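Below is one structure, written out as structure tokens; comments come after it.
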Amino acid sequence: EREEIVKTVAPAAGNVVADIGAGTGLFTRLFSPAVGSEGRVIAVDISQNFLDHIETTCRESGLRNVETLLCSDDSTKLPADTVDVAFICDTYHHFEYPLKTMTSLRTAMKPGGRVVVIDFHRIEGVSREWTLNHVRAGREVFEAEIIQAGFKKIAEPQDLLTENYLMIFEKPHLAAESETASNQ
Numbered sequence: 005e006r007e008e009i010v011k012t013v014a015p016a017a018g019n020v021v022a023d024i025g026a027g028t029g030l031f032t033r034l035f036s037p038a039v040g041s042e043g044r045v046i047a048v049d050i051s052q053n054f055l056d057h058i059e060t061t062c063r064e065s066g067l068r069n070v071e072t073l074l075c076s077d078d079s080t081k082l083p084a085d086t087v088d089v090a091f092i093c094d095t096y097h098h099f100e101y102p103l104k105t106m107t108s109l110r111t112a113m114k115p116g117g118r119v120v121v122i123d124f125h126r127i128e129g130v131s132r133e134w135t136l137n138h139v140r141a142g143r144e145v146f147e148a149e150i151i152q153a154g155f156k157k158i159a160e161p162q163d164l165l166t167e168n169y170l171m172i173f174e175k176p177h178l179a180a181e182s183e184t185a186s187n188q
């Protein structure tokens, strides 16, 4: 399943990938070989302990293209126009300030950059009790929040995951943004 997720995220050699809410760095380490020596993976987390763990495990594994970045509860703290692909796995539901956080991510994304979001299906009567108690909202709410922050949904691959969904968004190119604005 992890390999399928990495294939779906499809980071290219030379890309800058931001693993938002990187946790223990599982996907950070999987993305590292995909972007190669010319690329970078930035592990972003609100916990310095997780980031220290990622630095240690990457150093021990010889992964030299990984950086860590301590974020706040309302900003990724990523520099503007630097990220090709952002990956948010089972983390979005933790965002205390989703609009501010996603707006900061939008600023960090290069035009045409992709955001891949994986989170838990939250469906009354279907999802597990833990999910219903732990995850603040369902896919439709999260999708609307991400679109409100200025992203465009471009794909939602089916049949890849069972208890989770995967959505892919894009930061529109400037021409597309001004065209959309003039049509409103």
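Taking my numbering, the leading residue of the sequence shown gets 5, the next gets one more, and so forth. Where is the CB? At the ideal position from N, CA and C, for every residue including glycine. Note that the coordinates shown come from a computational prediction; the quantities given were computed from them, not determined experimentally.
- Between the region 32 to 44 and the region 8 to 23 there are three or more inter-stretch CB-CB distances shorter than 8 Å, so the stretches are counted as touching.
- By alpha-carbon distance to VAL89, the top candidate from THR12, TYR169, ILE50 and ARG6 is THR12.
- Contact between THR95 and GLY25 holds, since their C-beta atoms are separated by about 3 Å, short of 8 Å.
- A Cβ-Cβ distance of about 16 Å is found for the pair PHE124 and PHE31, leaving them out of contact under the 8 Å criterion.
- Annotated as proximal: ASP49 and LEU74, with beta-carbon spacing under 9 Å.
- Around the beta carbon of SER36, 16 or more other beta carbons sit within 10 angstroms, so the residue counts as buried.
- Within the model, the alpha-carbon separation for ILE151 versus THR166 is close to 24 Å.
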